[in-house]
Amino acid sequence: MFVQPAKRTLITGASSGIGRALAIALADRRYPLFLTGRNGDKLRAVTEGLTGAGEVGSAAADLVAPRAAEQVVQRAVEHLGGLDAVVHCTGIGLIKPALETTDAEFCAVTNVNLRGTFLVAQAAMKVMAAQKSGLFVALPGTLGKYPMKNAAAYAASKFGTVGLLKGMAAELQRAGVKVVLLHLGGVDSPFWDHLNLPVQREKMIPVDVAAQQILNVLELPSHLVLNELTLQPESHQLGA
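The opening position of the sequence shown corresponds to residue 32 in our numbering, with each subsequent residue numbered one higher.
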């Protein structure tokens, strides 16, 4: 049976939700990890709570602040001795009719979801291109593939993320850099905590299941790449 060596992995958005669940799953498998998130207290709690982990480092950061993404990637490389994979889980939500969305709200969601992805991907892929290998996993969700009413700005940030990363993947394919887009719809994460929507969270994708999908990607044989995957709850499929 093929066993893929544990990758030296940077997880963004590791202080909660999918990022936290993935950190726990990878620590259980003794992956060398570097974690980042905006909330320092929550990130510290996650890091200190990892049991059976190998090398684990962390740094709280706002990845859209000047040079923050570059500095986090550099710290991950220094701590881990290299960088085999990045799983980019950082993002914010916005569910609001387009005609009621303010310019500030639009800028905020695209700044974190689109520009933030660009900054992290650019910094990480420079390292990966130099070493001629690397994997970048992003979570644009189903709204990066199918539009939805009352989510135009959010979908724009996610559609933009898909176009950005597909373009970067084409540019860096010969440098050994792989990009995976996971369109996970309706994950039961803190994303929904502050959104005024009637949702059935018990019918959503559990964060542990979402984390398992990412783990499956990380442990594929090195000569294979899963370009895109869509997973949605049966109760609210988009684009079906």
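All C-beta atoms in this analysis are idealised placements derived from N, C-alpha and C, irrespective of residue type, glycine included. As the structure is a prediction and not an experimental result, all values here were calculated from the model.
Under a 10 Å Cβ-count criterion, N144 is classified as buried, with 16 or more other Cβ atoms of the shown protein chains found around its own Cβ. Along the segment 69-118, the alpha helix (DSSP H) occurs as fully enclosed runs of 4 or more residues at 71-80, 99-111, listed in sequence order.
When C-alpha distances from M235 are compared across E86, H214, S266, the shortest belongs to S266. Following the DSSP letters along the chain, one finds A169 inside the beta strand (DSSP E) bounded by residues 165-169.
Distance from the Cα of Q263 is smallest, within the candidate group A154, L66, G172, for G172. Under the three-state reduction of DSSP, I49 is assigned to helix.
Taking a 10 Å sphere around the C-beta of T67, we find 16 or more other C-beta atoms and assign the residue as buried.
Look at E259 here: in three-state DSSP terms it is strand. Scanning the segment 135-208 for uninterrupted beta strand (DSSP E) segments of 3 residues or longer gives 165-169, listed from N- to C-terminal end. Contact between D115 and R39 holds: their C-beta atoms lie close to 5 Å from each other, under 8 Å.
Of L212, A52, L249, G191, the smallest CA-CA separation from A76 is found for A52.
The three-state reading of DSSP puts L41 in strand, counting E and B together.
Per the Cβ contact rule, the segment 179-189 is not in contact with the segment 154-166 (fewer than 3 Cβ pairs under 8 Å). V240 is positioned such that its CB atom lies no closer than 8 Å to that of L212. Following the DSSP letters along the chain, one finds A242 inside the alpha helix (DSSP H) bounded by residues 238-249. Out of A129, T133, V87, the CA that lies nearest to the CA of G112 is found in V87. With 16 or more other Cβ atoms from the protein chains shown falling within 10 Å of its own Cβ, P63 counts as buried. V168 places its beta carbon less than 8 Å from that of V118. The alpha-carbon of G175 is positioned some 21 Å away from that of S47. By the neighbour-count criterion, in which 16 or more other beta carbons inside 10 Å mark a residue as buried, K209 falls on the buried side. In this structure, L260 is the residue among Q243, L260, S253, R69 with its C-alpha nearest to the C-alpha of H214. Cβ neighbours of P178 within its own chain (closer than 7 Å, five residues either side excluded): A186.
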